[in-house]
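Taking it in order: structure first as structure tokens, then the write-up.
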Amino acid sequence: MAEPLLSLRGVKTDIGRYHILHGVEFDVPEGGLTMLLGRNGAGKTTTLRTIMGLWRATAGEVRFAGRNIAGLATPDIARLGIAYVPESMAIFADLTVQENLTLAARSGPPDQKRLDWIFSRFEALKRFWTLPAGNLSGGQKQMLAVARAIIEPRRLLLIDEPTKGLAPAIITNMIDAFRELKDGEASLLVVEQNFAFARQLGDTVAVMDDGKVAHTGSMAAFAADDALQQHLLGMGMGEHQ
Ligand SMILES: Nc1ncnc2c1ncn2[C@@H]1O[C@H](COP(=O)(O)OP(=O)(O)OP(=O)(O)O)[C@@H](O)[C@H]1O
Numbered sequence: 004m005a006e007p008l009l010s011l012r013g014v015k016t017d018i019g020r021y022h023i024l025h026g027v028e029f030d031v032p033e034g035g036l037t038m039l040l041g042r043n044g045a046g047k048t049t050t051l052r053t054i055m056g057l058w059r060a061t062a063g064e065v066r067f068a069g070r071n072i073a074g075l076a077t078p079d080i081a082r083l084g085i086a087y088v089p090e091s092m093a094i095f096a097d098l099t100v101q102e103n104l105t106l107a108a109r110s111g112p113p114d115q116k117r118l119d120w121i122f123s124r125f126e127a128l129k130r131f132w133t134l135p136a137g138n139l140s141g142g143q144k145q146m147l148a149v150a151r152a153i154i155e156p157r158r159l160l161l162i163d164e165p166t167k168g169l170a171p172a173i174i175t176n177m178i179d180a181f182r183e184l185k186d187g188e189a190s191l192l193v194v195e196q197n198f199a200f201a202r203q204l205g206d207t208v209a210v211m212d213d214g215k216v217a218h219t220g221s222m223a224a225f226a227a228d229d230a231l232q233q234h235l236l237g238m239g240m241g242e243h244q
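Residue numbers (my numbering): 4 to 244.
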């Protein structure tokens with residue numbers, strides 16, 4: 004079997020004096036989309052931040068494309084082709100939509116074909132191109148945060164709750180955009196509370212509980228197993244549609 008693009012083994016992370024991650028283990032296959040699920044406080048955001056080097060793992064390995072990146076500084080991790088969209092949307096409120104996207108493109112001005120593709124999925128960004136990002140609605144800010152991460156090709160996208168506050172029509176566009184990314188250049192690791200969305204998009208799933216991964220497998224099998232969902236998430240996915 005091909006080596007996974009990302010693989011966590013025995014990852015432990017402390018925040019201050021608290022032990023938050025207790026040996027996290029899961030893989031993100033190359034060209035796939037892995038959903039990271041779990042109850043509130045299970046450690047999903049801490050896991051994304053640890054991969055990105057925003058928290059430093061105290062033990063274990065974060066292997067990306069065959070090398071251990073645990074301990075590298077965040078800019079070096081980003082340079083390897085990993086982008087992170089935090090839950091609190093990382094945008095510059097005083098800058099225009101255009102400036103936000105231009106700053107996110109690190110290898111020169113944004114590619115026009117790429118921009119046109121982004122506009123086809125997130126039309127509001129074109130409409131409000133010259134407006135300060137702070138004036139956008141919550142959902143539009145979310146679109147901009149995702150657009151900043153995908154303005155250039157990346158190998159791995161880490162995205163925390165992308166559908167939060169989005170209207171259903173925009174969620175459909177986001178599903179299309181993520182599918183196109185996954186079928187093309189990128190692999191994705193997505194934290195999500197919206198199970199209808201998670202189920203449609205995920206190829207594989209890792210479910211966290213109390214700072215560990217309690218289950219990994221295919222999304223199709225997890226979505227079909229009401230008892231397992233009930234056990235790990237406290238409710239069946241069917242209840243969320
Ligand atoms: N800066 C911090 N200081 C202290 N504890 C923290 C900090 N950030 C997170 N934690 C704790 O770490 C645990 C895991 O939090 P984390 O945000 O990773 O969970 P999560 O699964 O993403 O939850 P949610 O779905 O609610 O966003 C929680 O108990 C949380 O209170």
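By construction, the Cβ of each residue, glycine as well, lies at the ideal position given by its N, Cα and C atoms. Everything numeric in this text was worked out from a predicted model, so none of it was measured.
With fewer than 16 other CB atoms across the displayed protein chains lying within 10 angstroms of its CB, GLU6 is exposed. Scanning its chain for C-beta atoms nearer than 8 Å, with the 5 sequence neighbours on each side dropped, one finds around LEU128 the residues VAL100, LEU104, ILE121, PHE122, GLN143, MET146, LEU147, ALA150, in chain order. If you look at GLY220, you'll find it in the beta strand (DSSP E) that goes 215-221.
Contact between the region 155-175 and the region 72-87 is established, with three or more Cβ pairs separated by less than 8 Å. Remark: C-beta atoms of THR37 and GLY56 do not approach each other more closely than 7 Å.
When C-beta atoms of the region 42-49 are compared with those of the region 211-230, three or more pairs fall below 8 Å, so the two segments count as touching.
Going by beta carbons, ALA60 and VAL14 fall inside the 7 Å limit. Contact annotation: VAL208 and ASP163 have beta-carbon atoms that are not nearer than 7 Å. In the DSSP assignment, ASP163 forms a beta bridge with VAL194.
When distances are taken from the beta-carbon of THR49 to the heavy atoms of ligand 1, the shortest one is below 6 Å. As a beta-bridge residue in DSSP terms, PHE67 pairs with LEU9, ARG70. Here GLY35 really is in contact with LYS185; their C-beta atoms are around 7 Å apart, less than 8 Å. Beta-bridge pairing by DSSP links THR207 to THR37, SER221.
Judged by DSSP secondary structure, GLY46 falls outside any beta strand (DSSP E); it is assigned neither H nor E. The alpha-carbon of ALA136 is positioned some 31 Å away from that of ARG202. As the crow flies, the alpha-carbon of ALA96 is around 8 Å from that of ASN138.
A distance criterion of 6 Å places the beta-carbon of TYR21 in contact range of ligand 1, judged by its closest non-hydrogen atom. Taken atom to atom, the span from the alpha-carbon of GLY41 to that of GLU102 is near 35 Å.
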